[in-house]
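Residue numbers (numbering that gives the first Met the number 0), protein chains in the order written: chain A, 0 to 139; chain B, 0 to 72. Where a beta carbon is used, it is the ideal one built from N, C-alpha and C, also for glycine. Since the model is a prediction, treat every value here as computed from it, not as a measurement. Just below is one structure, and these are the notes that go with it.
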Amino acid sequence: MFGFRPLPPGGRSRRRATRALFIRHGAEGTPEGRSLRLLREWLSPTQREQFAKRGYFEVIGSDSGKRYRIHAGASVNVCEMDERGRPLEGLCFMPIGALPIGDVMLAQKIALETCEREVRAVARRFTPNGFHFRQARPLG
Amino acid sequence: MAIQIVMNRTGDSRHSFNPDEQQELAKAEQRFYELTNAGFTAAVRTGPGQTLHIRSFDANAEETVFFPRLVGG
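Below is the structure:
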C-alpha cells in the first residue's frame, strides 16, 4: 500500500555492514574519525576485536587488577566489572576540553591502565544500567 | 622519525621530529615539559595495546601521546 518492499534475506546485515564501512572510512577526515583511528592504533588486537564486534573493550586497572569495560561514548561510559562479567559500578571521568569520542576513550584506557588510583579519585560514580551503554551507531 | 601526538578538539595535533637532530630533539623536549607542566598526561606505547605513563622526556620514544587533565563527569 505504501510501497514498502521487504528486504531480501541478508539485506539488513549487508546494509549495516555498508553503513559501518562508510562511517569507518568516510569519516577519517573528521575530528571524530581521526580520533577513532588513533584509538584503534593504540588498542591491543583483543581490544580492537572487542570494540569492532561489541562496541566496547576491556582494560585491567594498573593498581587493583580490576576489569573495566569502556563503552563507545564520551561520558558515563566506563564500568567496573565483577568476576562474572556483570557491571558493578559506573565511573564517569574524561579529559577536559571537549575532545572527540576516540580521544576520550583512549585517554580513559591509558589512565586506567597506568594510573588507576588517580582515576578513581576523580571519577564520579553511577549505577550502571543498559541505557547508559546503548550503542547508537557502529564505531569500532 | 618520532612523533608527539597532542589530543585536542580537532582530533589531534601531530609534531614529527628527528631524534638524531639536536635542535629538533630539544624542541620536542621543550614541548613535552610545556604540556606536562600544563597538566597533560604523556604516555608511550610499549607493545601492542600496552601503554606506559611517562613523567620525564624519553628521547627514544617513537610515539608519545598527550591528553589533558582528567576530571569527573
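Check: Partners in chain B for A/I59, counting only beta-carbon separations shorter than 9 Å; Outcome: Those do not exist, as A/I59 stays about 11 Å from chain B at its closest Cβ, beyond 9 Å.
Check: Validate contact between the stretch 101-114 of chain A and the stretch 21-29 of chain B using beta carbons, cut 8 Å, 3 pairs; Outcome: no
Check: 6 Å Cβ shell around A/Q46 - same chain, five flanking residues per side excluded; Outcome: F56
Check: Proximity test, Cβ basis, 7 Å: B/L69 and chain A; Outcome: yes
Check: Cross-strand partners of A/R123 (DSSP beta bridge); Outcome: A/C91
Check: Per-residue contacts from B/D11 into chain A (C-beta, under 8 Å); Outcome: R33, S34, L37, D102
Check: Interface partners of A/P127 on chain B, CB under 7 Å; Outcome: In chain order: nothing, as chain B lies at least about 14 Å away.
Check: Partners in chain B for A/I95, counting only beta-carbon separations shorter than 7 Å; Outcome: P67, R68, V70
Check: Residue burial classification, B/P47 (beta-carbon count within 10 angstroms, cutoff 16); Outcome: exposed
Check: A/S34 versus A/G96: straight-line alpha-carbon distance, rounded; Outcome: 14 Å
Check: Beta bridge counterpart(s) of B/F65 as assigned by DSSP; Outcome: B/V5, B/A41
Check: Cutoff 7 Å: A/P99 Cβ touching any chain B Cβ; Outcome: yes
Check: Neighbour-count burial assignment, B/T45, 16 or more Cβ in a 10 Å radius; Outcome: exposed
Check: Beta-carbon proximity of A/L38 to A/M104, cut-off 7 Å; Outcome: yes
Check: Nearest-angstrom Cα separation, counted from B/A25 out to A/R53; Outcome: 43 Å
Check: Contact set for A/D62: own chain, Cβ-Cβ below 6 Å, skip 5 residues either direction; Outcome: E115, R116
Check: Sub-7 Å separation of A/V121 and B/L69 beta-carbons; Outcome: yes
Check: Helix, strand or coil at B/T50 according to DSSP, with G and I counted as helix; Outcome: strand
Check: Residues, ordered as in the chain, of the stretch 39-68 of chain B that lie near chain A by beta-carbon distance below 8 Å; Outcome: T40, A42, R44, P47, G48, Q49, T50, L51, H52, V64, F66, P67, R68
Check: B/P67, buried or exposed, once every other Cβ within 10 Å from all chains shown has been counted against 16; Outcome: buried
Check: Rounded distance between the beta-carbons of B/A41 and B/F16, thought under 8 Å; Outcome: In fact, because the Cβ distance is near 15 Å, the residues do not count as touching under 8 Å.
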